[in-house]
Amino acid sequence: MPITTSDVSEYLRKVAEVLAENKEYLTELDSAIGDADHGINMDRGFQNVLRKLPAVEDKDIGTILKTAGMALVSSVGGASGPLYGTAFMQAGMAAAGKRELAAEDLLAILEAALKGVLMRGRANLGDKTMVDALTPAIDAMREALENGADLTEALDKATAAAEEGMKATIPLIAKKGRASYLGERSIGHQDPGATSSYLLIRTMAEMAHAKQA
Amino acid sequence: MPITTSDVSEYLRKVAEVLAENKEYLTELDSAIGDADHGINMDRGFQNVLRKLPAVEDKDIGTILKTAGMALVSSVGGASGPLYGTAFMQAGMAAAGKRELAAEDLLAILEAALKGVLMRGRANLGDKTMVDALTPAIDAMREALENGADLTEALDKATAAAEEGMKATIPLIAKKGRASYLGERSIGHQDPGATSSYLLIRTMAEMAHAKQA
Amino acid sequence: MKKLINKPEDVVKEELEGMALAFPELIKVHFEPNYIYRADAPVKGKVALISGGGSGHEPMHGGFVGMGMLDAACPGEVFTSPTPDQMLEAAKTVNSGAGILYIVKNYTGDVMNFEMAADMARAEGIQVANIIIDDDVAVKDSLYTAGRRGVGTTVLAEKICGAAAEKGYDLKQVAELCRKVNINGRSMGMALTSCTVPAAGKPTFDLAEDEMEIGIGIHGEPGRTRMKLKSADEITEMLALSIIEDEAYTRTVREWDLEREEWVDVEMTDPPFEAGDKVLAFVNSMGGTPLIELFIIYRKLYEICEKKGLTIVRNLIGPYITSLEMQGVSITLLKMDEEMVELWDAPVKTPSMRWGV
Amino acid sequence: MKKLINKPEDVVKEELEGMALAFPELIKVHFEPNYIYRADAPVKGKVALISGGGSGHEPMHGGFVGMGMLDAACPGEVFTSPTPDQMLEAAKTVNSGAGILYIVKNYTGDVMNFEMAADMARAEGIQVANIIIDDDVAVKDSLYTAGRRGVGTTVLAEKICGAAAEKGYDLKQVAELCRKVNINGRSMGMALTSCTVPAAGKPTFDLAEDEMEIGIGIHGEPGRTRMKLKSADEITEMLALSIIEDEAYTRTVREWDLEREEWVDVEMTDPPFEAGDKVLAFVNSMGGTPLIELFIIYRKLYEICEKKGLTIVRNLIGPYITSLEMQGVSITLLKMDEEMVELWDAPVKTPSMRWGV
Ligand SMILES: Nc1ncnc2c1ncn2[C@@H]1O[C@H](COP(=O)(O)OP(=O)(O)O)[C@@H](O)[C@H]1O
Ligand SMILES: Nc1ncnc2c1ncn2[C@@H]1O[C@H](COP(=O)(O)OP(=O)(O)O)[C@@H](O)[C@H]1O
Ligand SMILES: [Mg+2]
Ligand SMILES: [Mg+2]
Ligand SMILES: [Mg+2]
Ligand SMILES: [Mg+2]
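Residue numbers (our numbering), protein chains in the order written: chain S, 2 to 214; chain D, 2 to 214; chain Z, 4 to 360; chain P, 4 to 360.
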């Protein structure tokens with residue numbers, strides 16, 4: 002079963018819901034090593050995505066994702082706004098004109114999104130950022146697909162890897178973003194951006210399961 | 002035994018001591034219905050009197066008292082500075098040229114001091130100010146002397162009357178000074194200025210006793 | 004007590020030392036007795052304006068010394084009025100022969116110390132007038148109290164009268180103008196937190212986390228009422244309406260009569276505000292309230308004035324007459340005429356108010 | 004949380020409404036996207052300066068919009084960087100054809116949002132340069148972090164570059180000057196109390212009654228160390244010496260190359276202070292610290308500079324770059340040359356900085 006435009010819209014709605022639920026949790030994480038707004042930022046951004054969505058729902062997936070990216074850019078602010086905004090905009094470019102996505106298409110789109118994050122934020126793996134959740138997730142998905150897994154399986158693998166990557170940020174010293182000012186004092190705290198990235202991946206896997214059932 | 006110039010100097014030193022001891026008490030009273038500085042003000046003022054005293058100690062009583070008054074005026078500030086300052090300066094005028102004082106002279110000096118306070122502050126009896134301690138004290142002293150009492154006795158009467166006047170300020174509504182802004186809320190608190198006036202009178206009585214002994 | 008100070012007893016001295024180092028081209032500071040005066044004083048032919056009061060209200064008054072405003076300011080200890088020798092020495096320093104106006108906030112201590120200073124200055128041959136500022140509508144009656152306190156209107160009177168003196172008004176004219184500013188200005192303040200007098204070391208009053216004090220003075224004096232915290236709009240409305248709906252206020256103050264050369268009791272009445280009035284709106288931080296909140300207050304104040312038919316023709320927004328680090332705000336409305344607007348706009352060059360030059 | 008606000012989510016909107024009502028002759032405010040701009044924009048032939056950042060630092064940046072300083076300011080939510088659409092729309096509004104300089108404080112969020120905005124503006128044919136301000140010596144190394152934060156020097160850069168643009172410097176010259184100001188400025192701050200972000204409702208960090216935080220950022224970020232409260236003199240010495248004894252600081256920042264028309268990595272080194280230097284000394288309140296304490300700090304700072312052979316040729320003292328109601332202070336020293344002094348003295352007319360006109 003390919004991914005359809007309405008799946009993508011539904012995904013964005015689900016993400017908005019998940020982030021609203023996790024607003025305080027993400028903010029709590031950010032208050033330890035940042036400025037206590039990551040949950041607030043992400044929630045504000047996806048509420049804006051919800052507002053822009055109806056106007057493009059009948060368009061192609063590329064347009065929907067680009068619109069989401071622009072909605073994020075123009076409402077999140079902070080570090081995560083340009084990062085997630087660029088990610089969705091690059092994803093939209095990779096999906097330009099498409100109305101259906103196969104598993105491989107989704108992988109390519111996620112790779113484009115990650116490239117966008119890296120281009121914008123220039124973080125390296127291990128810098129204690131969202132990259133530490135996104136990179137292993139996409140690697141795991143690629144490997145699973147190469148080994149013949151189906152979309153649901155591949156996204157399960159990605160989710161597990163994202164979760165592991167997210168947890169692995171705990172002992173790291175932050176080298177990018179606001180948390181880097183803390184130096185050693187950033188050790189022992191989970192990165193909020195890696196956590197929101199994990200939630201974004203996990204929501205994909207959950208949707209795949211729901212669709213299969 | 003008449004009051005000598007050195008008695009007057011000693012009196013000022015004693016007052017400085019008494020006010021230093023009661024600095025926090027007076028400030029506490031002022032914090033309830035004023036701005037929490039009466040003890041600090043009076044202590045600062047009499048410390049300044051102590052500094053100016055040596056230069057005039059061999060002068061006449063009038064000069065000593067005027068010097069004390071000017072020392073108060075130029076260091077106390079607030080309401081009590083001009084009031085006590087004027088009181089001492091007027092007292093000094095009344096004692097101009099004198100090197101000894103009989104009981105009647107002291108009464109005249111105190112009357113002059115009170116007149117100074119009234120002229121400067123224009124308070125009426127019952128306005129919840131220092132006047133409420135000073136007026137009955139001087140009245141009592143006058144009456145005692147008229148009835149043939151000696152200085153010590155007369156000052157004891159004055160002290161008792163001052164204390165009574167001071168306590169009688171508790172139920173009053175303040176009509177002068179900072180406490181008057183409180184209106185009804187000033188009820189139930191003893192006036193700090195009436196309290197310092199009582200201490201000034203009481204110190205006179207204590208000295209008279211000490212001298213007699 | 005959390006403050007950036009050294010010893011509490013050195014606060015005023017060190018503050019003045021800092022000011023002297025910071026603004027040598029504008030002001031000079033004299034120590035013992037303490038007063039701040041214009042670097043170019045005395046200014047030939049100009050009436051000199053002197054104000055003063057307890058410290059802890061910065062920038063008032065020291066920050067307002069300079070061209071177009073005060074000639075000298077006499078700072079007392081924190082929240083304690085200065086002593087007459089300060090005002091006397093300041094008067095001798097800035098007097099150019101055109102006379103001195105003492106602008107005095109209506110607190111018993113300030114009034115009496117300035118009265119003594121005026122008598123002393125006159126004894127030295129200096130012509131002195133005094134005007135009392137008593138604009139705080141939080142104090143209700145005047146018959147049985149020391150009357151209304153002097154608060155926000157003081158700042159406005161210093162600016163307007165300073166400009167007038169600069170323009171060549173003589174002593175009588177400046178005094179008259181100052182009286183006019185005073186009776187046309189009304190203020191009301193509130194506090195979210197207490198302040199801490201350095202020498203006392205602990206907050207002057209306690210307010211619970213959900214309480215505020217309405218009708219506060221500038222010395223941490225308790226206010227008219229204590230109540231549950233409200234929104235900025237509700238608070239603005241309370242303060243603004245207390246001011247706008249205040250009725251004619253009559254009191255008697257003691258002024259020096261320049262012609263009769265004696266102290267006289269003068270009765271004065273503040274005219275109430277009326278629709279059609281032009282006003283200057285002054286939103287003042289008590290010290291710890293940041294600018295972002297003052298703009299939120301100003302926004303509502305503007306709306307209320309509009310509704311009441313008052314046109315805001317000028318405004319002043321910021322910390323100008325403070326109570327140490329107290330969080331809170333005061334509002335002053337001053338009914339303006341053309342003369343006052345023109346004088347308000349005139350150039351001023353002081354450490355804390357500066358425009359037109 | 005004790006604040007004079009209505010709903011936390013309306014703070015920025017209502018603040019901007021208040022500003023618009025307060026200063027109609029100086030600024031205009033555009034809503035959705037939010038930006039403040041000069042009432043007379045675009046100014047013909049002049050390079051336009053735009054800055055921005057999270058709200059909560061008032062008067063920075065909105066209070067610095069006007070003649071001789073910024074052409075526009077883009078306020079984000081409290082402590083959250085603004086979004087590129089704000090900077091883009093602001094650029095379109097104030098661009099006169101002479102190009103735009105974005106002055107950007109070095110926070111990952113600000114940097115990335117301004118970069119996107121610059122790319123978007125260029126796509127619309129507007130010439131844009133960007134200069135990063137990174138002057139906070141509390142952040143030690145730059146190799147493994149996002150580098151030093153942009154703090155007090157930002158205010159000074161906006162004033163100096165604003166004057167230069169007014170004088171006719173072209174975009175490249177203004178950008179070069181801004182870079183010069185940045186590498187010659189260093190800052191360090193401390194807090195006595197935390198601030199409370201309205202949306203969060205509780206203090207960002209907790210400090211005991213006898214503790215302070217040294218090396219604080221302007222968003223309530225934890226500082227370099229927490230320690231027992233010290234005297235004003237000791238605190239001033241800690242801050243001043245961190246600045247004066249800071250060694251050459253080298254970092255790489257991403258700037259737009261106006262000639263090559265691409266993003267390039269530029270390495271820059273701050274020259275350390277040396278005896279004989281002329282400096283501008285900026286003593287800044289974090290919002291809740293009153294002026295009286297700033298003068299006590301300035302007094303000691305003056306003494307330390309003198310001892311170190313630094314001559315203070317200009318100063319700025321007050322709340323200019325704040326953290327809501329936080330009590331605390333920051334010190335900035337900016338090494339000045341003649342060009343900078345002249346530009347500093349040039350006329351400026353904005354809501355919160357005004358002289359010479
Ligand atoms: N250069 C970067 N590259 C990738 N991710 C980053 C970078 N800088 C910060 N982040 C991510 O952004 C998150 C913080 O986002 P947020 O709190 O919304 O923004 P801000 O730090 O501006 O308040 C961090 O937890 C981190 O994962
Ligand atoms: N008009 C007045 N006449 C007489 N005494 C007064 C008057 N006003 C105030 N006082 C006295 O002054 C005392 C307060 O003195 P103090 O606290 O030193 O000055 P301030 O009120 O200026 O802080 C009051 O308790 C009261 O007794
Ligand atoms: Mg954050
Ligand atoms: Mg008192
Ligand atoms: Mg007092
Ligand atoms: Mg943020």
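C-beta: ideal position from N, C-alpha, C; glycine also. Source: prediction; values computed, not measured.
Cβ-Cβ separation, residue j to residue i (assumed contact under 8 Å), whole Å
{"i": "Leu-102/D", "j": "Ile-202/D", "result": "Contact flag wrong, Cβ pair sits at about 16 Å."}
{"i": "Thr-86/P", "j": "Gly-57/P", "result": "Incorrect: roughly 11 Å between the Cβ atoms, too far for contact."}
{"i": "Gly-1/D", "j": "Glu-25/D", "result": "Any question about residue 1/D goes unanswered here, given that chain D covers just 2 to 214."}
{"i": "Cys-189/P", "j": "Thr-314/P", "result": "In the sequence as displayed, the identity of residue 189/P is Arg instead of Cys. Between Thr-314/P and Arg-189/P the Cβ distance is about 16 Å, and since that is not below 8 Å, they are no contact."}
{"i": "Val-177/Z", "j": "Thr-156/Z", "result": "With a Cβ gap of about 16 Å, Val-177/Z and Thr-156/Z do not count as contacting."}
{"i": "Val-77/D", "j": "Gly-46/D", "result": "4 Å"}
{"i": "Ala-113/D", "j": "Ala-95/D", "result": "4 Å"}
{"i": "Tyr-40/Z", "j": "Asp-74/Z", "result": "6 Å"}
Contacts of residue i in chain D (Cβ-Cβ under 8 Å)
{"i": "Asp-88/Z", "result": "Val-74 and Ser-75"}
Member of the options whose CA lies at the smallest distance from the CA of residue i
{"i": "Gly-79/S", "options": "Ile-300/P, Asp-113/P and Val-97/P", "result": "Asp-113/P"}
{"i": "Thr-204/S", "options": "Asp-8/S, Ser-10/S and Val-16/S", "result": "Val-16/S"}
{"i": "Glu-12/Z", "options": "Val-200/Z, Pro-27/Z and Asn-116/Z", "result": "Val-200/Z"}
{"i": "Pro-62/Z", "options": "Ala-160/P, His-222/P, Lys-95/P and Pro-322/P", "result": "Pro-322/P"}
{"i": "Gly-128/P", "options": "Gly-291/P, Ile-103/P and Arg-182/P", "result": "Ile-103/P"}
{"i": "Met-191/Z", "options": "Lys-310/Z, Ser-245/Z, Trp-347/Z and Leu-73/Z", "result": "Ser-245/Z"}
{"i": "Glu-35/Z", "options": "Gly-71/Z, Gln-89/Z and Ala-124/Z", "result": "Gln-89/Z"}
{"i": "Lys-31/Z", "options": "Cys-77/Z, Lys-10/Z, Gly-48/Z and Glu-212/Z", "result": "Cys-77/Z"}
{"i": "Met-193/Z", "options": "Ile-238/Z, Glu-92/Z and Gly-153/Z", "result": "Ile-238/Z"}
{"i": "Gly-59/Z", "options": "Val-81/Z, Leu-346/Z, Gly-220/Z and Ala-44/Z", "result": "Val-81/Z"}
Within chain Z, partners of residue i - CB distance below 8 Å
{"i": "Pro-62/P", "result": "Leu-294"}
{"i": "Asp-122/P", "result": "In chain order: nothing, as chain Z lies at least about 31 Å away."}
{"i": "Glu-28/P", "result": "Near Glu-28/P there are no residues of chain Z at all, since even the closest Cβ is about 11 Å away, more than 8 Å."}
Partner residues on chain P for residue i, Cβ-Cβ distance less than 7 Å
{"i": "Asn-42/S", "result": "Thr-83"}
{"i": "Ala-37/S", "result": "Val-200, Ala-203 and Thr-207"}
{"i": "Ser-181/S", "result": "Thr-148 and Ala-149"}
Residue j beta carbon less than 7 Å from that of residue i
{"i": "Ser-181/D", "j": "Thr-148/Z", "result": "yes"}
{"i": "Val-360/Z", "j": "Lys-352/Z", "result": "yes"}
{"i": "Asp-249/P", "j": "Val-332/P", "result": "no"}
{"i": "Asp-140/D", "j": "Lys-177/D", "result": "no"}
{"i": "Met-131/D", "j": "Ser-75/D", "result": "no"}
{"i": "Trp-266/P", "j": "Arg-257/P", "result": "yes"}
{"i": "Gly-150/P", "j": "Asn-109/P", "result": "yes"}
{"i": "Ala-195/D", "j": "Thr-170/D", "result": "yes"}
{"i": "Lys-116/D", "j": "Ile-62/D", "result": "no"}
{"i": "Leu-51/S", "j": "Ser-10/S", "result": "no"}
Partner residues on chain Z for residue i, Cβ-Cβ distance less than 7 Å
{"i": "Tyr-305/P", "result": "Leu-24"}
{"i": "Trp-358/P", "result": "Arg-357"}
Extent of the continuous alpha helix (DSSP H) to which residue i belongs
{"i": "Val-140/P", "result": "Note, Val-140/P: premise wrong, no alpha helix (DSSP H); not H, not E."}
{"i": "His-210/D", "result": "193-213"}
{"i": "Asn-187/Z", "result": "174-187"}
{"i": "Val-158/P", "result": "156-170"}
Residue i: contacting residues in chain P (beta-carbon distance under 9 Å)
{"i": "Asp-43/Z", "result": "What Asp-43/Z touches in chain P: nothing, since even the nearest Cβ is about 18 Å away."}
{"i": "Lys-53/S", "result": "Those do not exist, as Lys-53/S stays about 13 Å from chain P at its closest Cβ, beyond 9 Å."}
Neighbour list for residue i in chain Z, Cβ cutoff strictly below 9 Å
{"i": "Arg-186/D", "result": "Pro-225"}
Unbroken beta strand (DSSP E) run spanning residue i, endpoints
{"i": "Asp-260/P", "result": "252-260"}
Cross-chain neighbours of residue i in chain S, by beta carbon under 7 Å
{"i": "Asn-116/P", "result": "Gly-78, Gly-82 and Pro-83"}
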